[in-house]
Structures are given as C-alpha cells and as structure tokens.
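Asker: Please find one structure pasted underneath; my questions will follow.
Numbering (our numbering), first residue to last: 60 to 284.
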C-alpha cells in the first residue's frame, strides 16, 4: 500500500520523536510518504497541496493539521498565516480535505492534539473546537474516517498534575529540532519539564510518538482487513 502522511512538524518528526519512523518499522512492506512540514497551518498546507501536482495516488492519506492554528498565537514569530475563526478554519479544511481526497482512496482526518499538557487550558479549549469542526466535516464523506487523537491524549493527561510549560521561543524550538535528536536526551528534557507525552507541550516525546503510531497503525490494520 501507498500511505501519505500530511501534516506539520509533528508529522515530519522534528523536534521530538518521529512516530513516522515507528510506523515504517511496523509496515515494512508498505510505502509511507512523510509529507509533514514544520510550521504548517491549514492555510499553508492547503496552498502547498493546491500548488503541487500529486506524484502519487495513495491508498490511505492521513491528514493531521490544525495545532499550529492555535499554537502560532503563542509564538513570537508567525511563519505561516493562521485562520482567524472557526468558520474560516472550516472553509480551508474542507478545501484541503477535498484536494487530498482527489488522489486518495481513503482519507483519515486526524484531530489536532494539544497545546500544553494542561487539557483544561484556554488553548486546548480552542483545540477541541477545531477537532469538533473536523469531525463534523469528516462525516460528510463516505471515504473519510475520523481519528480523535485529542481524546487519546486527554485520557492520559486528565488525571495528571500538568505543568504550564509550553515552548514559545522559536530559536529554542529550532535548536531542539536541529540538535536534540537522541531519544534518551529528548525524554530526559521532557522529564525535567515534568511533561508526560511531549518534549515541550506540543512536540512528541517517546510516549507521545508511540501513542500516535499505535493509533495510526490501528487504522491501517482496520483498512487492510
């Protein structure tokens, strides 16, 4: 099978641990295409997909986008445009989804996960709104499945005493993407920050990457049956 993974830095796998590498090991007889790009928002990914002629027709495409439409509000530098409200997000997401559907047999629409491990924060309330929007859109198409990754993250974090740590310095984020590569070091930094699933409140540590890879793998196995 050909499997396309659309998304942002969470899909690319930097900074933090790459769930894509875990999936590659689990599905050695399939071809997985990592189409993640750091800083991507629903607008910028729509523009990227719209401007490129698809090189492959995918059996499955995963679309994991949306966290930067919230996370970017915290950053000192805004690399890509973000949607200003739920309606605008819905319009761009619908266009993006249909673009990807045009060269995919099945699309898996994945909810954005978290901005900070405090799931009761204002940022994560906004994340839940985007997830609900994606869920509503996904129900309109027969060949679109919905994967609620936020729910999986929240179920593991709801009983924790979460720190308020969220990385907001772009230079520090870039440094960790370039130089913090070994799993042991990534998990050590995560532990020092009292984080459970992420390196910095957004990007994945080994537990977070394993969780995402496991949820993607379940969908792939389900479709293969």
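Built from N, CA and C at the ideal position, the CB exists for glycine as well.
Considering only the alpha carbon of each residue, which of 176, 226, 180, 198 lies closest to residue 256?
Answerer: Of the candidates 176, 226, 180, 198, the one whose C-alpha sits nearest the C-alpha of residue 256 is 176.
Asker: From residue 80 to residue 71, what does the alpha carbon distance come to, in whole angstroms?
Answerer: About 10 Å.
Asker: Tell me which residues share the same chain as residue 23 and place their Cβ nearer than 7 Å to its Cβ, disregarding the 5 neighbours each side in the sequence.
Answerer: Look at the range of the chain in this structure, 60 to 284, and you will see that residue 23 is not part of it.
Asker: Could you check which residue in 197, 222, 65 has the C-alpha nearest to that of residue 93?
Answerer: Ranking 197, 222, 65 by Cα distance to residue 93 puts 65 first.
Asker: Excluding the 5 residues preceding and the 5 following residue 83 in the sequence, name in chain order all residues of the same chain whose CB lies nearer than 7 Å to its CB.
Answerer: Hits under 7 Å: 91.
Asker: Per DSSP, which one or two residues make a beta bridge with residue 168?
Answerer: In the DSSP output, where bridge partners are listed per residue, residue 168 has 122, 205.
Asker: Report the option in 149, 136, 152, 222 whose CA atom is closest to the CA atom of residue 174.
Answerer: It is 222.
Asker: What is the DSSP secondary structure of residue 257, reduced to helix, strand or coil?
Answerer: Note: residue 257 maps to strand in three-state DSSP.
Asker: What residue range is occupied by the uninterrupted alpha helix (DSSP H) comprising residue 81?
Answerer: Residue 81 -> alpha helix (DSSP H) spans 78 to 85.
Asker: I need the straight-line Cα distance from residue 167 to residue 146, nearest angstrom please.
Answerer: Going by the C-alpha atoms only, they are around 21 Å apart.
Asker: Measure the C-alpha to C-alpha separation of residue 130 and residue 284 and round it to an integer number of angstroms.
Answerer: Whole-angstrom Cα-Cα distance: 37 Å.
Asker: Looking only at its own chain, which residues have a Cβ that is under 8 Å from the Cβ of residue 219, when we skip the five neighbours before and after it?
Answerer: Excluding sequence neighbours, residue 219 sits near 176, 255.
Asker: Which residues does DSSP list as the beta-bridge partners of residue 117?
Answerer: Answer is 163.
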